[in-house]
Structures are given as C-alpha cells and as structure tokens.
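Chains as they are written, first to last, in my numbering: chain A, 1 to 111; chain B, 112 to 226. A virtual CB, placed ideally from N, CA and C, is assigned to each residue, including glycine. First comes the structure, then the notes that go with it.
Okay, structure coming up:
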C-alpha cells in the first residue's frame with residue numbers, strides 16, 4: 001500500500017468526451033504530482049502541486065487538460081475533448097520527502 | 112535538463128542467476144537517483160534511492176544499486192533472481208532543488224526470468 005488511491009482504475013471513452021480522474025492520498029502530503037505513461041515508455045511529468053497551489057505544468061499539459069487540488073488534499077485531472085493520443089496510464093504520486101510514492105494509476109483508452 | 116538512459120530495453124535471465132540493469136544519467140546539477148519497479152497494470156513501486164552518503168544502496172527484494180559519479184551511472188543489481196522479479200524496471204533522476212522535484216525517467220528495462 002503506497003498510501004495513494006486513484007479512481008477509476010480503468011476508463012474507456014469515446015473521442016471528444018470529457019473525462020475526470022481522481023487521486024486520493026491516504027494522509028495529508030504537501031507535494032502531489034501527476035505523470036502520464038504511454039505504452040512502452042517511462043512516466044512523464046505533467047504537473048505539480050504544493051498544497052492547493054499548482055506550481056508547475058509541463059508543456060505536455062495542453063489547454064484541454066486541467067488539474068485541481070482543492071484544500072490541498074485530493075486532486076483531480078480533467079481532460080476535455082479527448083483524443084486518441086490521450087490514451088495512456090495517468091499516475092499520481094505523493095512526496096513526503098525526496099522520494100515519490102505512486103498510486104496504481106488510471107488507464108485511459110480513447111476509442 | 113536531466114536525462115536518463117537505460118541501456119537495455121529487455122534483459123532475459125535464468126532463475127537464480129545474477130542480473131544487472133544499467134542506467135546512465137546526465138545532469139549539470141546534483142541529483143537524487145531512484146529505481147522503481149512496475150508490475151503489469153500497476154503503479155510504480157520504489158525499489159531503492161540514492162540521496163547522499165554511501166554509494167552502494169540496498170533496497171527491497173534483495174536489490175542493490177551503486178552510484179558512480181564519475182561515470183554518471185546508477186546500475187541495479189541482484190545476485191540471484193526469482194520468477195517473481197519479472198517486471199519493468201525504471202531508473203529515475205531528480206534535481207536537488209526546492210519546490211518541484213519532478214522525476215525524469217528512463218524508458219524502462221523489461222526483466223524476464225526464465226525457469
């Protein structure tokens with residue numbers, strides 16, 4: 001148990017639909033990260049929260065993507081007007097100190 | 112910017128044999144180094160980390176890694192592998208700075224253990 005849950009675990013959606021993923025740390029952690037992992041690749045950084053403030057975003061995060069972390073607890077990642085290229089595993093991680101602990105991920109398939 | 116190169120995309124090994132998974136990184140600043148393991152359809156599990164101090168670090172499941180600053184390497188080793196070690200292994204690096212310490216990952220090495 002890494003202390004991070006993600007829901008849903010799997011999501012199949014049609015191109016053009018909006019989807020939202022949720023990340024729930026079991027206990028409060030200041031720092032929370034989102035990564036995207038496509039098939040056969042290592043995860044790539046998407047965005048970072050320090051408490052409720054979104055402090056850094058990757059250029060991978062197009063304007064169709066938005067992330068929030070209200071009250072510095074759980075976080076959501078929304079993708080609007082999904083495209084087939086958005087198909088990937090979306091991973092959330094918390095960082096108590098220098099290392100990061102990942103949740104099980106949400107696998108998105110866009111048909 | 113940092114980058115990570117995992118020199119082998121696939122490593123097949125017989126059970127109980129030793130294994131080494133190679134990782135080289137590039138960075139203009141000091142870094143922290145990590146190895147993660149990923150089983151099918153799961154998230155990443157931290158195997159071990161190098162932050163400072165002894166260059167030989169031990170992790171879970173009998174794995175260890177050695178940080179070599181001059182060669183900018185952080186190779187992962189296990190003296191005797193088990194079938195259950197079959198998984199994808201990722202090397203990652205992050206800068207030692209305040210704020211967002213985003214991880215930069217290599218492309219992964221698929222370790223396959225054959226009986």
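is_contact[residue 189 (chain B), chain A] using C-beta, thresh 8 Å: No, residue 189 (chain B) lies away from the interface with chain A (no Cβ there is under 8 Å from its Cβ).
Under 9 Å (Cβ pairs) to chain A, residues found in the stretch 154-168 of chain B: Cβ contacts with chain A come from 154, 155, 156, 157, 160, 162.
Presumed contact (8 Å Cβ cut-off) between residue 108 (chain A) and residue 90 (chain A), rounded CB distance: Between residue 90 (chain A) and residue 108 (chain A) the Cβ distance is about 6 Å, and since that is below 8 Å, they are a contact.
Exposure of residue 125 (chain B), with buried meaning 16 or more beta-carbon neighbours within 10 Å: An exposed status is given to residue 125 (chain B), since fewer than 16 other beta-carbon atoms sit within 10 Å of its beta-carbon.
CA-to-CA distance, residue 150 (chain B) to residue 192 (chain B), given in whole angstroms: For residue 192 (chain B) and residue 150 (chain B), the gap between their C-alpha atoms comes out near 15 Å.
In chain order, each beta strand (DSSP E) run of at least 3 residues that lies wholly inside the stretch 159-183 of chain B: Within the stretch 159-183 of chain B, the complete beta strand (DSSP E) runs of at least 3 residues are 167-169, 175-179.
Interface flag, residue 218 (chain B) vs chain A, CB-CB below 8 Å: Output row for residue 218 (chain B): interface = yes.
Beta-carbon neighbours of residue 54 (chain A), restricted to chain B and to distances below 7 Å: Within 7 Å Cβ-Cβ: nothing; residue 54 (chain A) doesn't reach chain B, min ~10 Å.
Distance CB(residue 204 (chain B))-CB(residue 141 (chain B)) smaller than 8 Å: Cβ atoms of residue 204 (chain B) and residue 141 (chain B): not closer than 8 Å.
Spatial neighbours of residue 212 (chain B) in its chain, beta-carbon cut-off 8 Å, leaving aside the 5 residues before and after: The beta carbon of residue 212 (chain B) sits closer than 8 Å to the beta carbons of 143, 205, 206 from its chain, once the five residues preceding and following it are set aside; these are given in chain order.
Integer-rounded CB distance, given that residue 217 (chain B) should sit under 8 Å from residue 117 (chain B): About 4 Å; that satisfies the 8 Å criterion.
Test: residue 33 (chain A) CB closer than 8 Å to a CB of chain B: Residue-level contact check: residue 33 (chain A) touches chain B, since one or more beta carbons of chain B fall below 8 Å from its beta carbon.
Inter-residue Cα distance where the pair is residue 189 (chain B) and residue 183 (chain B): Computed Cα separation, rounded: 20 Å.
Cα-Cα separation, residue 59 (chain A) to residue 45 (chain A): Spanning the two alpha carbons is a distance of roughly 10 Å.
Residue-chain proximity (residue 88 (chain A), chain B), Cβ-Cβ < 8 Å: No, no contact with chain B.
C-beta contact flag for residue 145 (chain B) and residue 132 (chain B) at 8 Å: No, the pair does not count as a contact, with Cβ atoms beyond the cut-off.
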